[in-house]
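Trainee: Residue numbers are given in the working numbering: position 12 of the sequence shown equals residue 12, and the series is strictly consecutive.
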Amino acid sequence: MNPAAALGDASRYGEIRSRVLFLIGALIVYRVGTFIPVPGIDPQQVARFFSDQQGTILGVVNMFSGGALSRLSIFAMGVMPYISASIIIQMMSMVVPSLQELRKEGESGRRKITQLTRYGTVILGAFQSFAAAVTLQNGGMVLTPGLFSWLLPATITMTTGTLFLMWLGEQITERGIGNGISMIILVGIIAGLPATIGRTLTQVSTGELAGPYAIMLLAAVVGVTAFCVFVERAQRRITVNYAKRQVGRKMYGGQTSHLPFKLNMAGVIPPIFASSLLLFPATIASFFGAGSDSRWGVAL
1 MNPAAALGDA SRYGEIRSRV LFLIGALIVY RVGTFIPVPG IDPQQVARFF SDQQGTILGV
61 VNMFSGGALS RLSIFAMGVM PYISASIIIQ MMSMVVPSLQ ELRKEGESGR RKITQLTRYG
121 TVILGAFQSF AAAVTLQNGG MVLTPGLFSW LLPATITMTT GTLFLMWLGE QITERGIGNG
181 ISMIILVGII AGLPATIGRT LTQVSTGELA GPYAIMLLAA VVGVTAFCVF VERAQRRITV
241 NYAKRQVGRK MYGGQTSHLP FKLNMAGVIP PIFASSLLLF PATIASFFGA GSDSRWGVAL
């Protein structure tokens, strides 16, 4: 075997190994952080509150956060503020002239847009964290309510957690494997699967869920997963024909290739952004207390 080729293979495998180890280590840090609660909460009241939110938009957000929201951990806000800020900046870059110019500046413009996204993450993260802190305080889930004893510390803690996840996602993208934010969301969703499967099997064994319905549920899950994979991988190939040209005595060109267009070019960004929009009324309503006059926002 060629020694130079063997050395190149060893170097390549070593880089892959280091990237995989970095990815695993970063995801372990993320999962550990989801179990560190924000100081000052009443765990029993919080658990009771989120047990009533199964099937609601808060349950969906809790799924994306890997259960961090239901445990009110330092990563309770997850990466949703960062994703929302990214989408808002991308949308604004299509209509705001100054941002349009930044998109045309290449690498330097991309760095400036990334910095604006970080600023937007701080604003959205602080806003959502403060709204969550107000909601918990109004719901009697806080041990020491007050502006300086709960609201500000909780807002700073959860906002810092979101910024740390943003930084961790960027590090995974640069030094790990795949897109860092996507990896964090994936691990958060997968983390809840064992408990969900266990509850389903328990319901089947106790008779709460009939066998035929369980089979139908399994078939639906497999079918929806297969359909999502099909839509994600589907593409329309546009035929591109190159004209022939003669250079000297030789004829070049005349070849045919394909230009692929994905069916779902936006990916998972639209449903994630829609989740943030659906949370907006409940976020605003949380500032007006827990009375019946503000329940319309949560119901909406």
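We treat Cβ as the ideally placed atom computed from N, Cα and C, and that holds for glycine.
Taking the alpha helix (DSSP H) that N138 belongs to, which residues open and close that run?
Mentor: First-last of the alpha helix (DSSP H) with N138: E107 to N138.
Trainee: Over the uninterrupted beta strand (DSSP E) stretch that includes V240, give me the two end residues.
Mentor: It spans Q235 to N241 - the beta strand (DSSP E) in which V240 sits, taken as one unbroken run.
Trainee: Would you give the residue range spanned by the beta strand (DSSP E) that L259 belongs to?
Mentor: First-last of the beta strand (DSSP E) with L259: T256 to K262.
Trainee: Run through the DSSP bridge pairs and tell me what V142 is partnered with.
Mentor: I41, per the DSSP bridge assignment.
Trainee: If you draw a straight line from the C-alpha of S70 to the C-alpha of M91, how long is it?
Mentor: Going by the C-alpha atoms only, they are around 31 Å apart.
Trainee: State buried or exposed for I123, treating a residue as buried only when at least 16 other CB atoms are found within 10 Å of its CB.
Mentor: Classification of I123: exposed, given that the 10 Å Cβ count is below 16.
Trainee: Taking three-plus beta-carbon pairs below 8 Å as touching, is the segment 168-187 in contact with the segment 19-36?
Mentor: Enough Cβ pairs lie closer than 8 Å, so yes.
Trainee: For a test of the three-state rule: what should DSSP assign to S149, helix, strand or coil?
Mentor: DSSP places S149 in helix when its eight states are reduced to three.
Trainee: Does the contact criterion of 3 or more C-beta pairs under 8 Å hold for the segment 123-139 versus the segment 67-87?
Mentor: Yes: the two stretches touch, three or more of their Cβ pairs being nearer than 8 Å.
Trainee: With three or more C-beta pairs closer than 8 Å as the rule, is the segment 229-241 touching the segment 201-220?
Mentor: Touching, no.
Trainee: Indicate whether the contact test is met: 3 or more Cβ pairs, each with one atom in the segment 137-147 and one in the segment 190-210, closer than 8 Å.
Mentor: No, because fewer than three Cβ pairs between the segment 137-147 and the segment 190-210 fall closer than 8 Å, the two stretches do not touch.
Trainee: Using the rule of at least 16 other Cβ atoms within 10 Å of the residue's Cβ for burial, across every protein chain shown, is L147 buried or exposed?
Mentor: It is exposed - the Cβ of L147 has fewer than 16 other Cβ atoms within 10 Å.
Trainee: How big is the Cα-Cα spacing for I24 and M80?
Mentor: Going from the Cα of I24 to the Cα of M80 covers about 22 Å.
Trainee: To which residues does DSSP link S98 through a beta bridge?
Mentor: BP columns for S98 are empty, so no partner.
Trainee: For I177, collect the residues of the same chain with a Cβ closer than 7 Å to its Cβ; drop the 5 residues on either side in sequence, then sort them by chain order.
Mentor: Answer for I177: R19, V20 and L23, listed in chain order.
Trainee: Going by C-alpha to C-alpha distance, which of F35, L72 and P37 sits closest to F49?
Mentor: It is L72 whose Cα lies nearest to the Cα of F49.
Trainee: How about F64 and G180: do their beta carbons lie closer than 8 Å?
Mentor: The answer is no: Cβ separation not under 8 Å.
Trainee: Assuming the contact rule is C-beta atoms closer than 8 Å, T160 and A133 should be a hit. Round their C-beta distance to whole Å, please.
Mentor: Not confirmed; about 13 Å, so no contact.
Trainee: Per DSSP, S73 forms a beta bridge with which residues?
Mentor: S73 pairs with P37.
Trainee: Would you please state the rounded distance, in angstroms, between the beta carbons of T67 and G192? I believe it to be under 8 Å.
Mentor: For the record, residue 67 in the displayed sequence is Gly; it is not Thr. 6 Å between Cβ atoms; contact.
Trainee: Quick one: what's got a C-beta closer than 6 Å to M183's C-beta in the same chain, skipping five residues either side?
Mentor: The residues are I172.
Trainee: Given L259, which residues of its chain have a CB within under 6 Å of its CB, disregarding the five upstream and five downstream residues?
Mentor: Excluding residues within five positions, the ones whose Cβ falls inside 6 Å are I238 and V240.
Trainee: Nearest by alpha-carbon distance to F35: which of L201, I190, R17 and I74 is it?
Mentor: Out of L201, I190, R17 and I74, I74 has the C-alpha closest to the C-alpha of F35.
Trainee: Where do the ends of the alpha helix (DSSP H) carrying A85 lie?
Mentor: Where A85 is concerned, the enclosing alpha helix (DSSP H) stretches over M80 to M92.
Trainee: Could you compute how far the alpha carbon of C228 sits from the alpha carbon of K262?
Mentor: Near 13 Å, if we compare the C-alpha coordinates of K262 and C228.
Trainee: Measuring alpha carbon to alpha carbon, tell me which residue in M216, R118, T206 and S257 is nearest A164.
Mentor: Looking at the sequence itself, residue 164 is Phe, so the reference to Ala does not match. It is R118 whose Cα lies nearest to the Cα of F164.
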